[in-house]
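This note's numbering applies: residue 7 is where the sequence shown begins, and numbers increase by one. The beta-carbon is built from N, C-alpha and C at its ideal position, and this holds for glycine as well.
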Amino acid sequence: MKKKFLASLMAMVMVFGLAACGSSTDATTTEGEDTATTEEGTTSGTGGKIGVSMPTQSLQRWNQDGANMKAELEAAGYEVDLQYAGDNDIPTQVSQIENMIAGGCEVLVVAAIDGSSLTTALQGAAEKNIPVIAYDRLIMDSDAVSYYATFDNYKVGQMQGEYIRDALDLDNAEGPFNIELVTGAPDDNNVNYFFGGAMDVLQPYIDSGKLVVPSGQTEKAQCATANWSTEESQKRFENIISSVGYGPNGVKLDAVLCSNDSTSYGVQNALQAAGYTADNMPIITGQDCDKPNVKNIVAGLQSMSVFKDTRTLAEKVVVMVDAIMKGTEPEINDTETYDNGTGVIPSYLCDPVIVTKDNYKEILIDSGYYTEADVA
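As structure tokens, then:
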């Protein structure tokens, strides 16, 4: 995939104070106030019920996304129906969304498990003129989707590919270098952007022979990991280690492209079981800055992770919801990139940031995202 996607850099306006995040439950509905007052003293929120559908509680990032979303929306004066679809259970998510539509939700914010599985469920939203914001994952083949809010996912992949390129000094070093590729769920549309962005950077070096993939697994389908599962990633990489003969005293492994932290953690588990330590671990990428992965970054077991501050995304979606509820157009900064099969979806793209051992304190600790104890 050779397309280059343009994402404008937009300053994020802190419209609503970040409310403390309470514990999440599988189905939470809380009565909010009719209005809320922002730090600038203007009234925000018109009341009304907002449905928020998250895919799972088994991954840290979705727990945080859901909690942040709920807190921000309630602070803005809305009643929130927050629901998690078990452990990435599509029928559960479909049923929950149908219940939200029937239960009087006026806007839906949906992080889809499978971007192509919600067409029928969302038809009811279209019939009732309920706006739908696709959250972080684009919902495919549905004309019910009004807006898309996410991070610049192509840029995430680019950052990972560029990190490997620069760490190996591919433009100057002789090579060849051995690399393996690990991406996420094949039914997650974001994989096209994560994997595509990274491969746009790395493919020329593979084509020239500077980078070699000894397993031969270079296609997206070969590198996919169902449900972004740590366990599945670990199993696949154990097989790669065995088949290629990787090891501290075997075939040298220079880098592993991992599209997110859960798959990266599985790769690290497999490599540690094969005898790798912080002293000889290959370059390993990630995304999300999950706590166990940040600990491994500090310990030297993972090289980097792309940080997508869920507080920023939650704040932006709250502003979008508030605009919709007031009958105005939400701010968007991309009208070209994300076509869900029914047309290009107006989108707002937030900017990701690279986190390494050198800057994790500044980005994660000093900002209040984590405490020192969280990643000690």
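>> Here's a check: name, in chain order, each residue in its chain whose Cβ is nearer than 8 Å to the Cβ of Asp147, leaving out the five neighbours to either side.
In response: Taking the sequence shown and counting its residues from 1, the one referred to as residue 147 is at position 141. Here Asp147 has Ser122, Thr125, Asn346, Gly347, Thr348 as same chain residues with Cβ atoms under 8 Å from its own Cβ, once five neighbours each way along the sequence are excluded.
> From Leu128 to Glu112, what distance separates their C-alpha atoms?
Replying inline: Here the question's residue 128 lines up with position 122 in the sequence shown. Here the question's residue 112 lines up with position 106 in the sequence shown. Separation of Leu128 and Glu112 (C-alpha to C-alpha, rounded to the nearest whole angstrom) is 13 Å.
> Going by the C-beta, is Gly57 closer than 7 Å to any heavy atom of the ligand ATP?
Replying inline: In the structure on display, the ligand ATP does not appear, and there are no ligands present to speak of.
>> Let's see if you can read the secondary structure: which residues bound the alpha helix (DSSP H) around Thr126?
In response: As a working mapping, residue 126 is identified with position 120 in the sequence shown. The continuous alpha helix (DSSP H) containing Thr126 extends over residues 125 to 133.
> Along the chain, where does the alpha helix (DSSP H) that runs through Leu6 open and close?
Replying inline: Because the chain here runs from 7 to 382, residue 6 falls outside it and cannot be looked at.
> Which residue comes first and which comes last in the alpha helix (DSSP H) that contains Gly215?
Replying inline: Start at 1 with the first residue of the sequence shown, and residue 215 comes out as number 209. That residue, Gly215, is in no alpha helix (DSSP H); it is neither H nor E in DSSP.
> DSSP on Cys4, reduced to helix/strand/coil?
Replying inline: Outside the modelled stretch of the chain, which goes from 7 to 382, sits residue 4, for which no answer is possible.
> Taking Val273 as the reference, which of Thr189, Ser353, Thr343, Gly215 has the closest Cα?
Replying inline: Taking the sequence shown and counting its residues from 1, one reaches residue 273 at position 267. Measuring from the Cα of Val273, the nearest candidate turns out to be Thr189.
> Residues bridged to Lys55 by DSSP?
Replying inline: Within the sequence shown, numbered from 1, the residue matching residue 55 stands at position 49. When DSSP reads this structure, Lys55 sits in a beta bridge with Glu85.
> Using the C-alpha atoms, what's the distance from Arg67 back to Glu46?
Replying inline: Within the sequence shown, numbered from 1, the residue matching residue 46 stands at position 40. Within the sequence shown, numbered from 1, the residue matching residue 67 stands at position 61. Annotation note: pLDDT 34 at Glu46 (below 50); position unreliable, coordinate value reported separately. Between the C-alpha atoms of Glu46 and Arg67 there is a straight-line separation of about 30 Å.
> What are the start and end residues of the beta strand (DSSP E) that includes Leu355?
Replying inline: Start at 1 with the first residue of the sequence shown, and residue 355 comes out as number 349. Secondary structure note for Leu355: its beta strand (DSSP E) is the uninterrupted segment 353 to 356.
>> For Ala280, which residues in the same chain have their Cβ closer than 6 Å to its Cβ, ignoring the five residues on either side in sequence?
In response: Residue mapping note: residue 280 aligns to position 274 of the sequence shown, counting from 1. Cβ neighbours of Ala280 within its own chain (closer than 6 Å, five residues either side excluded): Ile247, Gly253.
> Out of Gln240, Thr269, Met287, which has the shortest C-alpha to C-alpha gap to Val257?
Replying inline: Reading the sequence shown from its first residue, position 251 is the one you call residue 257. The candidate whose alpha carbon is nearest that of Val257 is Met287.
> What is the residue span of the beta strand (DSSP E) that Asn94 lies within?
Replying inline: Residue 94 sits at position 88 when you count from the first residue of the sequence shown. Counting along the chain, no beta strand (DSSP E) covers Asn94, and no H or E run does either.
> So Asn266 packs on Gln240, CB below 8 Å; how close in whole Å?
Replying inline: Position 260 of the sequence shown, counted from the start, is the residue given in the question as residue 266. Position 234 of the sequence shown, counted from the start, is the residue given in the question as residue 240. Between Asn266 and Gln240 the beta-carbon gap is near 14 Å, outside 8 Å, which marks them as no contact.
> According to DSSP, is Thr377 helix, strand or coil?
Replying inline: Position 371 of the sequence shown holds residue 377. Here DSSP, grouped into helix, strand and coil, assigns Thr377 to coil.
> Would Pro336 be called buried (16 or more neighbouring beta carbons within 10 Å of its own) or exposed?
Replying inline: Counted from its first residue, the sequence shown places residue 336 at position 330. Its Cβ being crowded by 16 or more others within 10 Å, Pro336 is buried.
> Considering only the beta carbon of each residue, do Glu186 and Val207 sit closer than 8 Å?
Replying inline: In the sequence shown, the residue the question calls residue 186 occupies position 180. In the sequence shown, the residue the question calls residue 207 occupies position 201. For Glu186 and Val207, no; Cβs fall outside 8 Å.
> Given a threshold of 16 other Cβ atoms within 10 Å of its Cβ, counted over all protein chains shown, does Thr62 qualify as buried or as exposed?
Replying inline: Translated into the one-based positions of the sequence shown, residue 62 becomes position 56. Flag for Thr62 reads buried.
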